[in-house]
Each structure stands twice: as C-alpha cells, then as structure tokens.
Amino acid sequence: MIKKLLFVLILAVAVLTTCVTLGGSKTPATIEAYKALTDRNPIMTHNFGADPTILVYNDRVYIYMTGDVLEYDHYLEIKTNSYNNINTLRVVSSADLTNWVYHEPIKVAGSEGVARWAQRSWAPAITYKNVNGQDKFFLYFSNNANGVGVLTADSPLGPWTDPIGRALVSRQTPNCSDVPWVFDPAILIDDDGRVYLYFGGGVPQGREADPGSARVVELNSDMISLAGDPVRIDVPYFFEALVMNKINGKYILSYCTNWSVTEQARNSLRIDRAVIAIMSGDNPMGPFKLERTLFRNPGTFFGVWGNNHHDIFQFKGQWYLAYHSQILEEAMGIRGKGYRVTHIDVIRMNNGMFESATGTRRGVQQVGRLNPYIWHQGATNAISAEISFNNEQLSANTDGAWLGIVGADFGDTGAKSITVSAYAQRAERGNRNSIEIRTGSPFESRNSPPSEIIGNITIRNSTIEEHTINLTKTITGIQDIYFIFNGDFILDAWQFNE
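Under my numbering, the first residue of the sequence shown carries the number 899, and numbering increases by one thereafter.
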C-alpha cells in the first residue's frame, strides 16, 4: 500500500508543473497526461504492465501483463527494476482497442496469492476451452524463471484457483534441467483439439547462436497436466518470449532474439539483437524454418531500449501486435530503470506470412464506437492524468485530475443528461467536490481541440449514490468526453441518457 501511495506521489510531482497561458492571462494549473490526446500507446499511463498476452473472448480483448511495481531505496529514490517484487498480473480489457477497463489485478504468488507455492508471477499466457458445455479459462504464468504454473477460472476475470498446487513445469521436469530460464509460457490449442505448451529462455555461456533453451510439450485434454516429456526446439539466437500462432495450416513461431547476434548472422539470417524473429513449420513441435525479423527492438522506434516481449492476435478481421516499451518511465523522468508498459500496433499479412511491424505512439484506430448510453465502470479510459484505479473504480484526489473517453457515439437524437455513481472521500469540502464534464479536450489550450463544458456535478455524499444532471446542451454525433475532478472522489460508474 505504501509503494502504491508513493507511485501516486511520483506521478503528482512529475506532472504538476504546467501552466497554460491564454491571451496573456494565467488559467489554473493544468495536469498534463503522459501521452498526447491523440496517442493510443501506451494503452495505460497510470501504471505499468509488461509481457502482454491476449485473450479475445465475446468480442472483447483482454490483456494480461506482468505487474511491474516501482522499487525504492532507503532514500525513497526509485531503483532499477529487479522484478523480485512482482506477484500479481495486471488485466485490462476493451471492446474497441481504445477505451480500456482496468480490472482488479490477479494476486497470483506469495502469501496472499492463489498459488502460494510460487514466489513471482511473470509473463503470462491465457486461453480457454469448452469443458462439459461451459467455457473454462486457463492462465499460465512464470514463477520467476524457475517454472510455469497454471490457474483456472470460469470467466476471464476469475475468481482464479490453483488446480494442482505446484508448478506444471519446472527444472525437475524431464529435459528441462539445462534450461536456464523455465518461464515465458505460450499456449496453442490446435484444430484437432490437441494442446501444446511452449516455454523456456536464457543463453548458456558460449552457446549464443544455438542456446538450446526452447521447449515444447503436449498437454493432456485437462490442460493442467503433461501428456509427455518436453522436447527441444531449435531456435537460432533464442533469448525468450516464444509465441505460437497457426494460420492457414502453417505454424508461426515468433520469439525474442538475444543480445549476441553477430554481424554475419544479421546479414545471413535477417535478424538482429533483441528483436522479434519469426519462424514457420508444418508441425506444432517443429522443426521450424527461420524467416526474418518481425519486429525490431522498441528502442529503434522510441529511443528507449530494453527487452522485447510480444503477442500476436486477431480481432474483428485485423491482426495486431502487442508488445511493451519503457516510454512511460521516460515520460516520468526515471529513464532506464526497466519499468515497462504495453502497446498495440497493426501487423499485416502477405501471402500467409506476417509482414514486419512498426512501433508507434499513435497506436491503432478505434474498432467501432463506444456506446455512452450504457453503464461504464469508473476505471474505463483511453487517457488519464493523476488518476488511479481500484476494483474497477476511479480514484481522484488531486484538483484538476482528469479522465478521457474517446469516440463515444451519441447518435442523431443525442444525450440530454448524465448519471454518475460516485462519492466524495472528503465530503466536508462541500461545493469544492465537483466533477466537470467537457467535450473535445480536458482543458483549454491553443494546442488542444476546442473544449466545451457540458455539465458540472457537485458531490456531497460520503457513500456511493447516483447523481443525474441535465447537460447544458444536447450532445450528438461522435464525441470525446472528459471528466475533470476537483476534490477527493471515487467514481464507480457513469452513463449518459437520451
């Protein structure tokens, strides 16, 4: 809890420095976000999340991520990420790849975790299978670099249980004792129903070109036990992050190369250091043929270098690449500490094979539009500043903190009122506890789209209640909506009304 509060404090110090001047007169201080209003990457800026894995389920994209947490020294200075304090997985979801709901993190490892035998939870993989007429979800995770565990649930958001009470794969598993890093699971359910688990990583000394540390093993139909012994996959200059996709009968294996790729290998194999490379084969257990580089290191695109971890997924007819970078920590002024956050960019197909992808700050286009006439959790956002989320609720305790919703479709009839479910954590502030609703931009600035106030709600209650106000005008068409908070708030949910 202390570290979480310190994280919020760091955010506040880093951003409360901008004052917008209009016509020579000063307006109240404006809190800037850690990305531009038009940028979709990274997908969140209020917290970190790395090693993304994707589940597409019921027309919704779920992203499960390693829950990087800030570490501090005795002087409360932020230290380099050791990854030793990570025992949760972060989860976000979206129906349009633009507005994301920040769900409650999954407590995986440690004394409060579902899998108490595990010390860490890194680099997950997720899938689901119909079991006895009901979809069941299987979440695989890395216990540090010492093994792969599995959790199960009846929904993408849990609650999760540990069905075997131990690692599914460890160094004691046959053919795994020489794998430096028994981690980074990836899962494939083939067309015939057979299931394959991919894992491994690390580079034994002197074996940079042929580490021999990639493994695949078939699972039983229960998804939580091995059907045989893991076997080695030959993966040139392998480092970590195996991912498997099957497309048009071909098995497409992608992975992160290590940092020792030679100049000769760069020319002959068309790969480089710490890039995502791609291989293809006719069998899920190999052999695979190396094709080329699929995605260069994020440092190529953003100037901030680090490890390279990804997933490839299809959503509503388009293929996408999810990956992580360290541009959030750069924006926070703590560059080079190893804290990562997830991006999504388009990846295209050509003759049955993925083309090389490019990392961007702009990100992907919104898929469809947000319906403002249904309830949305307070933790729904495309962009925010000085906001935190807990239990799918929004928490704001800094005057001027704000949250943005992008691409809401109000239609031709339009919205005449808004209802919010919220309460003030310091109700004694009276009229100072208010939520201002704007269209276009969260603040007035020459560098931002026109901003118009369409409503203001005063919150005096100290427990959750619904508040409905009429808007200053009927809102029609496609609009970006911003909530600006003054006071200490918990926003549980909101919806507009026709």
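All C-beta atoms in this analysis are idealised placements derived from N, C-alpha and C, irrespective of residue type, glycine included.
Query                                                                                                     : Result
Boundaries (first-last residue) of the alpha helix (DSSP H) holding Met1230                               : Ile1225 to Met1230
Enclosing alpha helix (DSSP H) for Asn1165 [first to last residue]                                        : Glu1161 to Leu1167
Member of Ile1373, Asp1209 and Tyr962 whose CA lies at the smallest distance from the CA of Phe1036       : Tyr962
Cβ-Cβ separation, Tyr1380 to Arg1330 (assumed contact under 8 Å), whole Å                                 : With a Cβ gap of about 19 Å, Arg1330 and Tyr1380 do not count as contacting.
Boundaries (first-last residue) of the alpha helix (DSSP H) holding Thr1198                               : Pro1196 to Phe1200
According to DSSP, residues forming a beta bridge with Tyr1000                                            : Val990
Span separating the alpha-carbon of Asp1390 from that of Pro1078                                          : 45 Å
Thr1356 - containing beta strand (DSSP E), residue span                                                   : Glu1350 to Thr1356
Beta strand (DSSP E) runs wholly inside the region 1248-1307, at least 3 long, in chain order             : 1281-1283, 1286-1288, 1291-1294 and 1299-1307
Limits of the unbroken beta strand (DSSP E) element including Ser1178                                     : Ile1174 to Gly1179
Residue range of the beta strand (DSSP E) that includes His1208                                           : His1208 to Phe1213
Ser1152 vs Ile1176 beta-carbon contact at 8 Å                                                             : yes
Leu1441 vs Tyr932 beta-carbon contact at 8 Å                                                              : Because the chain in this structure spans residues 899 to 1396, residue 1441 falls outside the shown range and cannot be described.
Nearest-angstrom Cβ-Cβ length linking Tyr960 and Ala1277, presumed shorter than 8 Å                       : Not really, about 14 Å apart at Cβ, beyond 8 Å.
Cutoff 7 Å; reference Thr1071; Cβ partners in own chain excluding five residues on either side            : Pro1128
Between the CA atoms of His1208 and Ser923 - distance to the nearest angstrom                             : Any answer about Ser923 is weak, because its pLDDT of 27 lies below 50 and its placement is not dependable; what the coordinates show is given next. If I take the Cα positions, the gap works out to 47 Å.
Three-pair Cβ contact test at 8 Å for the region 1165-1179 versus the region 1130-1147                    : yes
Start and end residues, beta strand (DSSP E) containing Val1012                                           : Here Val1012 belongs to no beta strand (DSSP E), and DSSP marks it neither H nor E.
Exposure of Tyr1096, with buried meaning 16 or more beta-carbon neighbours within 10 Å                    : buried
8 Å Cβ cutoff met for Thr1374 and Gly1305                                                                 : no
Closest Cα partner of Phe1287 within the set Asp957, Arg938, Ala934 and Val989                            : Val989
From Ser1123, Asn1206 and Phe1186, residue whose alpha carbon lies closest to that of Asn1156             : Asn1206
Under 8 Å between C-beta atoms of Val1012 and Asp949                                                      : no
Residue closest to Gly1201, alpha-carbon to alpha-carbon, out of Arg958, Arg1259 and Gln1017              : Arg1259
Beta-bridge partners of Thr1361, as assigned by DSSP                                                      : None; Thr1361 has no bridge partner.
For Asn939 and Gly1047, the rounded distance between their alpha carbons                                  : 30 Å
Residue of Lys1027, Ala1016 and Glu1284 minimising C-alpha distance to Ser1040                            : Ala1016
Ile1245 beta carbon less than 8 Å from that of Tyr1221                                                    : no
Nearest neighbour of Ile1024, chosen from Asn983, Asn1030 and Leu1086 [CA to CA]                          : Leu1086
Burial state of Asp1089 (16 or more Cβ within 10 Å)                                                       : exposed
Start and end residues, beta strand (DSSP E) containing Phe1193                                           : Lys1187 to Phe1193
Nearest neighbour of His944, chosen from Leu953, Gly965 and Thr936 [CA to CA]                             : Gly965
Three-state secondary structure assigned by DSSP to Arg1330                                               : helix
Whole-angstrom distance between Glu1010 and Ile976, CA atom to CA atom                                    : 25 Å
Gly1234 beta carbon less than 8 Å from that of Asn979                                                     : no
Of the residues Gln1264, Ala1021 and Val1115, the one placed nearest Pro1182, counting alpha carbons only : Val1115
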